[in-house]
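**Q**
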Amino acid sequence: MTIPDLPPEPAPSVPGSVPVTTPAVPAAPAGGTADARPTATPAPDRRPLVEMRDIRVAFGGVHAVDGVSVSLYPGEVVGLVGGNGAGKSTLMRVLSGAHPADSGQILVDGQPASIGNPRDAKALGIETIYQTLALADNVDAAANVFLGREIRTRLGNLDDAAMEAATRNVIGRLNPRFKNFKTPVKSLSGGQRQSIAIARAIHFNAKVLIMDEPTAALGPAETTQVRELTAQLKEEGLGIFLISHDIHDVFDLADRITVMLQGKLVGTVDKDRVTKDEVLGMIIMGKKPGELGEQELAELHS
Amino acid sequence: MTEATAVQGTTVTREPPRRSARSALQALEVDTRLLGMVLALVVIWIGFNILSGGLFLTSRNLWNLSVQSASVAIMATGMVLIIVSRNIDLSVGSILGLTGMTMAMLQAEWIPRTFGLGFEQPYTWIVALAAGIALGALVGGIQGFVIAYIGVPSFIVTLGGLLVWRGLAFQLAQGQTIAPMDTTFALLGGGPKGSLGEALSWLVAGIAIAFVLYSLWAGRRRRRRYGFPLRPMWAEVMLAVFGCVAALGAVWVANSYPWPSNLATEYAVANGITEPEGGLIIPTGIAMPVIIAIGTAVVITFLATRRRFGRYVFSIGGNPDAAELAGINTRRTIMGTFVLMGMLAAISAAVLSARLNAATVGLGTQSELYVIAAAVIGGTSFAGGIGTIPGAVLGAVIMQSLQSGMVLLKVDSPVQDIVVGLVLVTAVGLDTYIRRRTA
Chain A
122 MTIPDLPPEP APSVPGSVPV TTPAVPAAPA GGTADARPTA TPAPDRRPLV
172 EMRDIRVAFG GVHAVDGVSV SLYPGEVVGL VGGNGAGKST LMRVLSGAHP
222 ADSGQILVDG QPASIGNPRD AKALGIETIY QTLALADNVD AAANVFLGRE
272 IRTRLGNLDD AAMEAATRNV IGRLNPRFKN FKTPVKSLSG GQRQSIAIAR
322 AIHFNAKVLI MDEPTAALGP AETTQVRELT AQLKEEGLGI FLISHDIHDV
372 FDLADRITVM LQGKLVGTVD KDRVTKDEVL GMIIMGKKPG ELGEQELAEL
422 HS
Chain B
271 MTEATAVQGT TVTREPPRRS ARSALQALEV DTRLLGMVLA LVVIWIGFNI
321 LSGGLFLTSR NLWNLSVQSA SVAIMATGMV LIIVSRNIDL SVGSILGLTG
371 MTMAMLQAEW IPRTFGLGFE QPYTWIVALA AGIALGALVG GIQGFVIAYI
421 GVPSFIVTLG GLLVWRGLAF QLAQGQTIAP MDTTFALLGG GPKGSLGEAL
471 SWLVAGIAIA FVLYSLWAGR RRRRRYGFPL RPMWAEVMLA VFGCVAALGA
521 VWVANSYPWP SNLATEYAVA NGITEPEGGL IIPTGIAMPV IIAIGTAVVI
571 TFLATRRRFG RYVFSIGGNP DAAELAGINT RRTIMGTFVL MGMLAAISAA
621 VLSARLNAAT VGLGTQSELY VIAAAVIGGT SFAGGIGTIP GAVLGAVIMQ
671 SLQSGMVLLK VDSPVQDIVV GLVLVTAVGL DTYIRRRTA
């Protein structure tokens, strides 16, 4: 159940053709001239942290995710891009246990994993920072960071002091100016709330981090902070799925970029081997870089 | 020019005291809403005392007030958790009726007659009470299951429950009133014999004081261990003094209320005591329903603030989706709140039926309205996520104070209802207004 062997070194690039890693479908190994592993991705003998194979999710008759396969290696950021309704958030909700897949397979560390609810995902080391942040507004920062994983005393009571101390510690690293540890998070600023959501995701030794539009609600300074944090976590060996509609964000942070359109996978490309225009072409027209004609490229610029 | 400086002058002189009052409250870390309710209660009590010519603030009236508040207060503690998690329970009055009738049938029919074990067995009261609480848990569990796992709105499920459980209570006894209760069971209802008496009441005060001092000390130690800012010493002392005075004062009032003279004479005759001139004075002490209500409030407060269950209930109320995504088993938690509510309705049924020394078909009718009103007056928000158990208990006491006060003033019962209804809406309106302004 490993992904098909790929040439260890990239094939000499053919003019006009940019390497594209097509989805790994177990039944029929993807072939084709464009199938070369880019240099930036980890060596092929390393096992992916997460593999999602042929995932399908339908809402009524609408195929929100239609046979999509993605993979994520340790120390790698994979950007997930696509327009509204492309299915990127739904795909990640499957991985975080928020929504079950209708069919498909998920492998974590090479082992088939069944993720039926958020608890399952967290047990596998998969943490999510949701776009809505998913904070309980009426309780304080520590209660949110430890929600569902409270520290308890020997008698099973909540150890609020221990949780507050740990929260001060982890948020202090993210946002040294954060002071309001006692107030309900409702009264905090967008950046402070984001700090809490991030603290919750990284405090429990995550292996895989899903970030859904992590900078959408933030100002410039806070955005920089999140970017630095992302780079740092990547350095520590986490695998990160970054959902964003901001292509500049993705180009700054991601190693590989996975593009979805209307629930389908357009392709996964190595960031260093494509231009922003080519990725835009994938997002808007669903065409891989090699398939993009001169005229279409020109249209993108108009 | 002079006007401007004058205005400035007043603001400058006014600013510091106001700020220091606020910072004093912050140092005490007192819930300002709770403090406001205590003040409202004090105003109500003093107002009724003046209007009734000193009848309200008597040990007798306050003792009766405490007993009458108990059954609503017991249920209001559970209703807080239900409303905080964005649900409602309209069936508590009917669950009270059904469990009360079941406990009465056990004592008056099933144990003595059906099983032929006879009346007044030493185990009768505890078997009846345990069976009632178990039935309450079952009934609450059924409703909670339908609400949490099948997804029928709690308003609908408990509206149906209101009819179903009351109907079952009627079926159980064919509409008859079941009496009398086991004499031990009847002690749960209070009355002179169902009270703790002088010594035990002072012991309760002692336990309460020890509890207050210990929690202040433990809180301080915990903060110091983690290097969090400590409360200033004067604030700690003030809280300790306030707690001690409240406990001692309440017990002093309860002990100032003597047994009625005929019961005291009976007691004197039975124990071969010659009655002194002016009658034998036996302090009544705290009534059992009040002890049960306080015990319930302490346990539920503990559940709500110190256990995961309570943390989950409040988180679900704040943001149901976030709670689910955090991996909380929200369905089990919601079902748990209804199981708890059913058990509390049964405890309340025991208190009420014991006090009446009978179970009627109408036992607890409309009490759901008073229970919900107590929780809401106590600061529980229907938007979810906000509410305190001490607030709900205070809400129950405030409502009972209004009713008792109006009875003392000989206000007609329809007018009493009008006043209570207006107070309910005004209290919530005021609360909403203040919350919006401070938000």
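Here the protein sequences line up with chains A and B, keeping their order.
Just so you know, we're using this note's numbering here: the first sequence kicks off at 122 and counts up by one.
Just so you know, we're using this note's numbering here: the second sequence kicks off at 271 and counts up by one.
Glycine included, C-beta positions come from ideal geometry on N, C-alpha and C.
Are the segment 540-558 of chain B and the segment 498-516 of chain B in contact at 8 Å, needing three or more beta carbon pairs?
**A** Touching, no.
**Q** Please return the same chain residues whose Cβ sits closer than 7 Å to the Cβ of Phe415 (chain B), not counting the five positions on each side in sequence.
**A** To locate residue 415 (chain B), count along the second sequence from 1; it is residue 145. For Phe415 (chain B), where only same-chain residues beyond five positions count, the Cβ hits under 7 Å are Met605.
**Q** Should Gln636 (chain B) go down as buried or exposed, given a rule of 16 or more other Cβ atoms within 10 Å for buried?
**A** Stepping through the second sequence from its first residue, residue 636 (chain B) is reached at position 366. Per the 10 Å Cβ criterion, exposed.
**Q** Do Leu368 (chain B) and Trp435 (chain B) have their CB atoms nearer than 8 Å?
**A** One-based indexing of the second sequence puts residue 368 (chain B) at position 98. One-based indexing of the second sequence puts residue 435 (chain B) at position 165. Yes. Within cutoff.
**Q** Using a cut-off of 7 Å between C-beta atoms, extract the partners of Arg240 (chain A) located in chain B.
**A** Locating residue 240 (chain A) in the first sequence gives position 119, where the first residue counts as 1. Correct list: Gly597.
**Q** Can you check whether the C-beta of Glu197 (chain A) is within less than 8 Å of a C-beta belonging to chain B?
**A** Walking along the first sequence from the start, residue 197 (chain A) turns up at place 76. No, because no Cβ of chain B sits closer than 8 Å to the Cβ of Glu197 (chain A).
**Q** Please confirm whether Thr702 (chain B) has its beta-carbon closer than 8 Å to some beta-carbon of chain A.
**A** What you label residue 702 (chain B) is simply residue 432 of the second sequence in a count that begins at 1. Chain A, which has no Cβ nearer than 8 Å to the Cβ of Thr702 (chain B), makes this no.
**Q** Which residue from A:Glu357, A:Ala375 and A:Leu354 puts its Cα closest to that of Ile364 (chain A)?
**A** Counting from one through the first sequence, the residue named residue 364 (chain A) turns up at place 243. Here the closest residue by C-alpha is A:Ala375.
**Q** Flag this pair as yes or no: are the beta carbons of Gly411 (chain B) and Phe608 (chain B) separated by less than 8 Å?
**A** Start at 1 with the first residue of the second sequence, and residue 411 (chain B) comes out as number 141. Start at 1 with the first residue of the second sequence, and residue 608 (chain B) comes out as number 338. Yes, the Cβ-Cβ distance between Gly411 (chain B) and Phe608 (chain B) is below 8 Å.
**Q** Could you list the residues in the segment 276-294 of chain A with a C-beta less than 8 Å from some C-beta on chain B, going in chain order?
**A** Listed by position along the chain: Gly277, Asn278, Leu279, Ala282, Ala283, Glu285 and Ala286.
**Q** Please state the DSSP three-state secondary structure of Ala629 (chain B).
**A** As a first step, residue 629 (chain B) is located in the second sequence; it is residue number 359 there, counting from the start. DSSP places Ala629 (chain B) in strand when its eight states are reduced to three.
**Q** Specify the secondary structure class of Met381 (chain A) as computed by DSSP and reduced to three states.
**A** For this step, residue 381 (chain A) is matched to residue 260 along the first sequence. In the structure shown, Met381 (chain A) sits in a strand (DSSP, three-state: E or B).
**Q** Quick check: is the beta carbon of Ala255 (chain A) nearer than 8 Å to any beta carbon in chain B?
**A** The sequence position of residue 255 (chain A) within the first sequence is 134, counting from 1. Chain B, which has a Cβ nearer than 8 Å to the Cβ of Ala255 (chain A), makes this yes.
**Q** Three or more beta-carbon pairs under 8 Å between the segment 395-403 of chain A and the segment 269-286 of chain A, yes or no?
**A** No contact exists between the segment 395-403 of chain A and the segment 269-286 of chain A.
**Q** Which one of A:Phe267, A:Asp258, A:Lys328 and A:Val347 has the shortest CA to CA distance from Pro305 (chain A)?
**A** Here the question's residue 305 (chain A) lines up with position 184 in the first sequence. The shortest C-alpha separation from Pro305 (chain A) is found at A:Asp258.
**Q** Can you confirm whether Asp261 (chain A), when its beta carbon is compared against all beta carbons of chain B, has any partner nearer than 8 Å?
**A** As a working note, residue 261 (chain A) is residue 140 in the first sequence. Chain B contact via Cβ: absent.
**Q** Can you pull the chain A neighbours of Gly656 (chain B), defined as C-beta to C-beta under 8 Å?
**A** Position 386 of the second sequence holds residue 656 (chain B). Sequence inspection shows Ile at residue 656 (chain B); the Gly mentioned does not correspond to that position. Correct list: Asn259.
**Q** Give the C-beta separation of Glu197 (chain A) and Arg377 (chain A) to the nearest angstrom, bearing in mind that I take them to be a contact with Cβ-Cβ under 8 Å.
**A** Walking along the first sequence from the start, residue 197 (chain A) turns up at place 76. Walking along the first sequence from the start, residue 377 (chain A) turns up at place 256. Their Cβ separation, rounded to whole angstroms, is 7 Å, which keeps Glu197 (chain A) and Arg377 (chain A) in contact under 8 Å.
**Q** Tell me, please, whether the segment 335-342 of chain B touches the segment 556-567 of chain B by the rule of three or more beta-carbon pairs shorter than 8 Å.
**A** Short answer: they touch.
**Q** Can you give me the C-alpha to C-alpha distance between Arg577 (chain B) and Pro410 (chain A), rounded to a whole angstrom?
**A** If you number the second sequence from 1, residue 577 (chain B) lands on position 307. If you number the first sequence from 1, residue 410 (chain A) lands on position 289. The straight-line gap from Cα to Cα measures roughly 56 Å.
**Q** Report the neighbours of Glu271 (chain A) on chain B: residues whose CB is nearer than 8 Å to its CB, in chain order.
**A** As a first step, residue 271 (chain A) must be located in the first sequence, where it is residue number 150. Under the 8 Å cutoff, chain B gives Arg578 and Arg581.
**Q** The alpha helix (DSSP H) with Ser311 (chain B) in it runs from where to where?
**A** As a working note, residue 311 (chain B) is residue 41 in the second sequence. A quick correction: the sequence has Leu, not Ser, at residue 311 (chain B). Leu311 (chain B) -> alpha helix (DSSP H) spans Thr302 to Leu321.
**Q** With distances taken Cα to Cα, identify the nearest neighbour of Ser671 (chain B) among B:Leu610, B:Trp333 and B:Tyr484.
**A** In the second sequence, residue 671 (chain B) corresponds to position 401, counting from 1. Residue B:Trp333 is the option with its Cα nearest to Ser671 (chain B).
**Q** Can you give me the C-alpha to C-alpha distance between Arg273 (chain A) and Phe267 (chain A), rounded to a whole angstrom?
**A** Here residue 273 (chain A) refers to the residue found at position 152 when the first sequence is read from its first residue. Here residue 267 (chain A) refers to the residue found at position 146 when the first sequence is read from its first residue. Cα-Cα distance, rounded: 11 Å.
**Q** Taking the continuous beta strand (DSSP E) assigned at Ala185 (chain A), which residues delimit it?
**A** Against the first sequence, residue 185 (chain A) aligns to sequence position 64. Per DSSP, Ala185 (chain A) belongs to the beta strand (DSSP E) from Val183 to Leu193.
**Q** Runs of 4 residues minimum, wholly inside the segment 522-560 of chain B: which ones carry the alpha helix (DSSP H) assignment?
**A** Counting only runs of 4 or more, we get 531-540.
**Q** Could you list which residues in chain B have their beta carbon closer than 9 Å to that of Leu350 (chain A), in chain order?
**A** By one-based count along the first sequence, residue 350 (chain A) stands at place 229. Residues of chain B passing the Cβ test: none, with the nearest at roughly 21 Å.
**Q** Could you tell me the alpha carbon to alpha carbon distance between Leu359 (chain A) and Val229 (chain A), rounded to whole angstroms?
**A** As a first step, residue 359 (chain A) is located in the first sequence; it is residue number 238 there, counting from the start. As a first step, residue 229 (chain A) is located in the first sequence; it is residue number 108 there, counting from the start. Straight-line Cα distance between these residues: approximately 13 Å.
**Q** Per DSSP, Ile448 (chain B) is paired with what?
**A** Numbered from 1 along the second sequence, position 178 holds the residue referred to as residue 448 (chain B). In DSSP, Ile448 (chain B) forms a bridge with B:Ala629.
**Q** Does the Cβ of Tyr640 (chain B) lie closer than 7 Å to at least one heavy atom of the ligand MN?
**A** Annotation note on the ligand MN: not contained in the displayed structure, which lists no ligands.
**Q** Does the beta carbon of Tyr194 (chain A) come closer than 8 Å to any beta carbon on chain B?
**A** What you label residue 194 (chain A) is simply residue 73 of the first sequence in a count that begins at 1. Answer no: the Cβ-Cβ gap between Tyr194 (chain A) and chain B never drops below 8 Å.
**Q** Exposed or buried, what is Leu309 (chain B) when buried is set at 16 or more other beta-carbons lying within 10 Å of its beta-carbon?
**A** Working through the second sequence from its first residue, we reach residue 309 (chain B) at position 39. So Leu309 (chain B) counts as exposed.
**Q** Considering only C-alpha positions, which residue in the set B:Leu664, B:Glu299, B:Ala398 and B:Asp591 is nearest to Ala643 (chain B)?
**A** Reading the second sequence from its first residue, position 373 is the one you call residue 643 (chain B). That would be B:Leu664, whose Cα lies nearest to the Cα of Ala643 (chain B).
**Q** DSSP puts Asp391 (chain A) in a beta bridge; with which residues?
**A** The sequence position of residue 391 (chain A) within the first sequence is 270, counting from 1. Looking at the DSSP assignment, Asp391 (chain A) forms a beta bridge with A:Arg377.
**Q** Report yes if the C-beta distance between Gly447 (chain B) and Ile358 (chain B) is below 8 Å; otherwise report no.
**A** For this step, residue 447 (chain B) is matched to residue 177 along the second sequence. For this step, residue 358 (chain B) is matched to residue 88 along the second sequence. The sequence shown places Thr at residue 447 (chain B), rather than the Gly named in the question. Not closer than 8 Å, so no.
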